[in-house]
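Undergrad: Supplied in structure tokens, the structure appears directly below.
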């Protein structure tokens with residue numbers, strides 16, 4: 001191995017170390033063939049950097065470790081950036097759906113923690129979110145729950161993004177939020 005190749009390997013290791021991955025679900029499937037059954041595995045993995053980036057992936061293989069590796073690589077390719085308020089919670093309440101799975105995500109005050117079911121909790125932990133209240137409606141299927149959660153998070157917008165889209169100042173957007181609350 002040449003010296004230059006070794007340096008590239010170290011760079012890849014550093015890039016991989018910045019991500020945290022969580023195995024959400026493993027599904028064993030059986031194919032019936034002439035000699036008996038052939039087992040395969042499907043793995044659902046979420047990957048994040050705990051700084052506002054998250055992705056999910058599905059991997060299928062005949063062995064569990066290979067399925068997890070494939071799912072992790074797929075998750076790293078499909079990462080999205082989510083704006084977080086104060087680096088700990090959502091800017092606003094939001095809904096997401098995928099198939100029969102619907103989720104409701106709500107911003108929470110400091111100290112609340114992550115109040116969410118298993119698959120959604122894994123997404124929030126790798127995302128780096130500390131305070132959120134989430135409810136899954138319609139299904140407990142981990143695939144649909146993760147898809148719906150990512151769908152909701154992709155719709156999340158910060159006041160800065162909204163101000164840029166509307167051509168206004170951030171202070172105008174935030175001051176309106178306070179006025180609306182006082183009117184209600």
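In UniProt numbering, the protein residues as written are 1 to 184.
Where is the CB? At the ideal position from N, CA and C, for every residue including glycine.
From a predicted model like this one, the values you see are computed outputs, not experimental measurements.
With respect to the alpha helix (DSSP H) encompassing residue 49, which residues constitute its N-terminal and C-terminal limits?
TA: That residue, residue 49, is in no alpha helix (DSSP H); it is neither H nor E in DSSP.
Undergrad: Quick check on the burial criterion: 16 or more other C-beta atoms within 10 angstroms. Buried or exposed for residue 45?
TA: buried
Undergrad: According to DSSP, is residue 158 helix, strand or coil?
TA: When secondary structure is reduced to three states using DSSP, residue 158 falls in the coil class, being assigned neither helix nor strand.
Undergrad: With burial defined as no fewer than 16 other Cβ atoms inside 10 Å of the residue's Cβ, what is the status of residue 1: buried or exposed?
TA: At residue 1, the pLDDT of 42 sits below 50, so the modelled position is not reliable; the number obtained from the coordinates is stated separately. Burial call: exposed.
Undergrad: Opposite residue 21 in the DSSP bridges: which residues?
TA: 47
Undergrad: Alpha carbon to alpha carbon, how far is residue 34 from residue 64?
TA: 23 Å
Undergrad: If you check the beta carbons only, do residue 160 and residue 83 fall under 9 Å apart?
TA: yes
Undergrad: Excluding the five sequence neighbours on either side, which residues of its own chain have a C-beta within less than 6 Å of the C-beta of residue 40, listed in chain order?
TA: 29, 62
Undergrad: List the endpoints of the continuous beta strand (DSSP E) containing residue 133.
TA: 132-137
Undergrad: In this structure, does DSSP put residue 72 in helix, strand or coil?
TA: helix
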